[in-house]
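Asks: Can you read through this structure? Questions will come right after.
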Amino acid sequence: MEMFVNCNTSGLATYAPALDILRVQHLYRRLGFSASHEQISQGVGQTANTLVDNLVDQALNSPTIAAPEWANWTNADYPADDDLRRQLFRTQAEEFAISYGEQMLANNLRDRLSFFWSNHVVTQKSIYDCNAFLYEYIDCLQRNALGNFRTLISEVGLTSAMLYYLDGAFNNGNNPNENYARELYELFTLGDGNGYTEEDIVETAKALTGYVERGEVGCTKVTFRADRFDEGPKTIFGQTGNWGYDDVIDILFTQRANEIAYFICKKLYEFFVHPDSQDATGNADVIINGLANTFVSNNFEIAPVLRQLFKSEHFFDEEAIGVIIKSPVDLYFNFAKEMNFSYDSGFVQNMLDASALIGQQVFEPVDVAGWQRDRQWINTNYIIGRWLTMEVFIDLMFQADQELFRTVAMDLVGPADSNTSNPEIVVRALVNKFTPKGLLTEQDFENAMDAFKIDDVPENYYSPDYIDDGLSLWMLAVSMEAPIQVYTLLRYLSRQPEFQLK
6 MEMFVNCNTS GLATYAPALD ILRVQHLYRR LGFSASHEQI SQGVGQTANT
56 LVDNLVDQAL NSPTIAAPEW ANWTNADYPA DDDLRRQLFR TQAEEFAISY
106 GEQMLANNLR DRLSFFWSNH VVTQKSIYDC NAFLYEYIDC LQRNALGNFR
156 TLISEVGLTS AMLYYLDGAF NNGNNPNENY ARELYELFTL GDGNGYTEED
206 IVETAKALTG YVERGEVGCT KVTFRADRFD EGPKTIFGQT GNWGYDDVID
256 ILFTQRANEI AYFICKKLYE FFVHPDSQDA TGNADVIING LANTFVSNNF
306 EIAPVLRQLF KSEHFFDEEA IGVIIKSPVD LYFNFAKEMN FSYDSGFVQN
356 MLDASALIGQ QVFEPVDVAG WQRDRQWINT NYIIGRWLTM EVFIDLMFQA
406 DQELFRTVAM DLVGPADSNT SNPEIVVRAL VNKFTPKGLL TEQDFENAMD
456 AFKIDDVPEN YYSPDYIDDG LSLWMLAVSM EAPIQVYTLL RYLSRQPEFQ
506 LK
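Using this note's numbering, read the sequence shown as starting at 6 and increasing by one per residue.
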């Protein structure tokens, strides 16, 4: 697969022209998990200003997952029998994962962002192993996904999931644990070695002591114990005092505002625009600095940064389209949305399970640094897994609703061509829907045509000159072979390099 170099020289000025279908599809693939043809069509002709504001506003007003009945359960609420306890525990976790997957599939920027933050302020459920802690953590990410980054960092550090995962729950005043202090700076706010010293980490760890009240082993929310807090003076970024948790956040965001803003905006840029922010022209750095200025001037509110980025000429530039490799979750979720498939909870669970098989298990990033994304999704094992699992999902959709495949094609070609006997019109429309910028060469397109023209339909049936009772013998809207032809083409496309991109 060709690896793209970032050659985008456009700026942060608002993209002025009415959005065409290519750019609306691009917007929905990046801001959410793609969209149906109907939703894309509604966006065509709108301005970036209007459509982006609508999507950001929807995300800001989107309700979080309702608290499950077990949201505050402790060990005492589970059955005493170990087997029954583990079975109930697994069932709860699976149901919650499905609920979260369904919220992501609702195509809302809020949960594109909450999932992004789960790979930034990382925890691993296998480490803290408590459903109530998982709910508290995800609720924190959802509530703050497009809110204030400072608030997000402040709140997530006191979730029991994080306190257990990075050893805050064992950070006693007489024996400080530096794990969370280190990752707070290195991974969550500043970047590796950027603007802090080892002494800052040591002193910060002392200021974060005291959140060690764990109650019984297991699902008991971690709280503060004043007698386990280090009451001595600490010097952090040159500021000396008897600092505690809130003071650390205040000092960090006051003394290192510019460093935080650049680090986070760079990460947002690489996630939403292009994986390579170190481009040859240096223009990506100009864009990131512009976003960072917006971040600081808006007191670390996330939404203004996203509005500026997603409305920009830079975001809609041709060089930004089709240059990010789909994550496993993208791979399946995008396709389900683009097919407008009526999925149920079992299908969502199947997609989540398949994602885990090829390297992306929801709630379980690979380590504290998270999934490294993009090129890391493609290796010998994973690419074969991507091909095989995508074919399974295409098969499942076809078994569930064969006529859906005809409907998708008819929607894409439009009413004027719904009775077309020209296979090129159909293949072109499907290729343009399911790949971000089409196939690379004309020969690649001819190969797709060959895949569509199954042996059951003689070549001359497509010719408008081949008439039976005044009609061509093959027509998209009526020919019984059309659904399986679309199905066969989609199976072929799912193995193409362009299909792996968004």
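Built from N, CA and C at the ideal position, the CB exists for glycine as well.
Note that the structure is predicted; figures quoted are calculated from it, not measured.
Count the C-beta pairs between the region 309-319 and the region 269-276 that are closer than 8 Å, then say yes if the count reaches three, no if not.
Replies: Yes: the two stretches touch, three or more of their Cβ pairs being nearer than 8 Å.
Asks: Measuring only the C-alpha atoms, how far is E99 from Q354?
Replies: Each residue's Cα considered, the two are about 8 Å apart.
Asks: Just to confirm before moving on: does the CB-CB distance between K507 and K331 stay below 7 Å?
Replies: A contact, by the Cβ cut-off of 7 Å.
Asks: Would DSSP call G162 helix, strand or coil?
Replies: Coil.
Asks: Check whether the region 174-181 and the region 136-145 are in contact - that is, three or more C-beta pairs closer than 8 Å.
Replies: Judged by Cβ distances under 8 Å, the region 174-181 makes no contact with the region 136-145, as fewer than three pairs qualify.
Asks: Write down every uninterrupted run of the alpha helix (DSSP H) in the region 222-310 whose length is 4 residues or greater and which is fully enclosed by it, in chain order.
Replies: Runs found: 250-260, 262-277, 288-302.
Asks: Just tell me which of M415, S423, Q501 has its CA closest to the CA of Q448.
Replies: With distances taken between Cα atoms, Q448 lies closest to Q501.
Asks: Can you name, in chain order, every residue of its own chain whose Cβ lies under 7 Å from the Cβ of V253, other than the five neighbours on each side?
Replies: The answer, listed in chain order, is T209, A212, L213, I241.
Asks: Considering only their Cβ atoms, is the gap separating A166 from L114 smaller than 7 Å?
Replies: For L114 and A166, no; Cβs fall outside 7 Å.
Asks: If contact is defined by three or more beta carbon pairs under 8 Å, each pair taking one atom from either stretch, is the region 75-94 in contact with the region 335-351?
Replies: They do not touch, by the three-pair rule.
Asks: Once you ignore the five residues that flank V491 on each side, which residues in its own chain have a CB closer than 6 Å to its CB?
Replies: Result list for V491: F410, A414, in chain order.
Asks: For P428, does the count of other Cβ atoms within 10 angstroms reach 16, so buried, or fall short, so exposed?
Replies: Classification for P428: buried.
Asks: As an exercise, report each continuous alpha helix (DSSP H) stretch of at least 4 residues that is fully enclosed by the region 381-465, in chain order.
Replies: Runs of the alpha helix (DSSP H) inside the region 381-465: 385-405, 407-418, 428-439, 447-457.
Asks: Just tell me which of D461, D379, Y250, M395 has its CA closest to the CA of I489.
Replies: The shortest Cα separation from I489 among D461, D379, Y250, M395 belongs to D461.
Asks: Beta-carbon within less than 6 Å of T299's beta-carbon, same chain only, minus the 5 sequence neighbours each way: which residues are those?
Replies: Closer than 6 Å at Cβ, skipping near neighbours: P309, V310, Q313.
Asks: So, for P238: in the same chain, excluding its five sequence neighbours on each side, which residues have a beta-carbon less than 7 Å away from its beta-carbon?
Replies: Taken in chain order, the residues that qualify are T245, G246, N247.
Asks: Is DSSP giving E188 helix, strand or coil here?
Replies: Helix at E188.
Asks: Buried or exposed: where does N11 fall if 16 or more other Cβ atoms within 10 Å of its Cβ makes it buried?
Replies: Burial call: buried.
Asks: Taking the C-alpha atoms as reference points, what is the distance between I103 and Y466?
Replies: Looking at the two C-alpha atoms, the distance is approximately 45 Å.
Asks: Quick one: what does DSSP say Y471 is sitting in, helix, strand or coil?
Replies: In this prediction, Y471 scores a pLDDT of 49, lower than 50, which makes its location untrustworthy; the coordinate-derived value is nonetheless stated afterwards. The answer is coil: DSSP assigns Y471 none of H, G, I, E or B.
Asks: With H, G and I counted as helix, E and B as strand and the rest as coil, what does DSSP make of N177?
Replies: If DSSP states are grouped into helix, strand and coil, N177 belongs with the strands.
Asks: State the Cα-Cα distance for the pair N345 and R90, rounded to the nearest angstrom.
Replies: Their Cα atoms are separated by approximately 38 Å.
Asks: Checking the sheet assignment: what are the DSSP bridge partners for N153?
Replies: BP columns for N153 point to E306.
Asks: Would you call the region 217-231 in contact with the region 194-208, where contact means no fewer than 3 C-beta pairs closer than 8 Å?
Replies: Not touching, per the Cβ criterion.
Asks: Can you tell me whether L506 is helix, strand or coil according to DSSP?
Replies: It is a strand residue.
Asks: Would you kindly check if the distance between the Cβ of F38 and the Cβ of N509 is under 7 Å?
Replies: Examination of residue 509 is not possible in this model, given that the chain is present from 6 through 507 alone.
Asks: Between the alpha carbons of Y185 and P333, how many angstroms are there, rounded?
Replies: Y185 and P333: Cα-Cα distance of roughly 29 Å.
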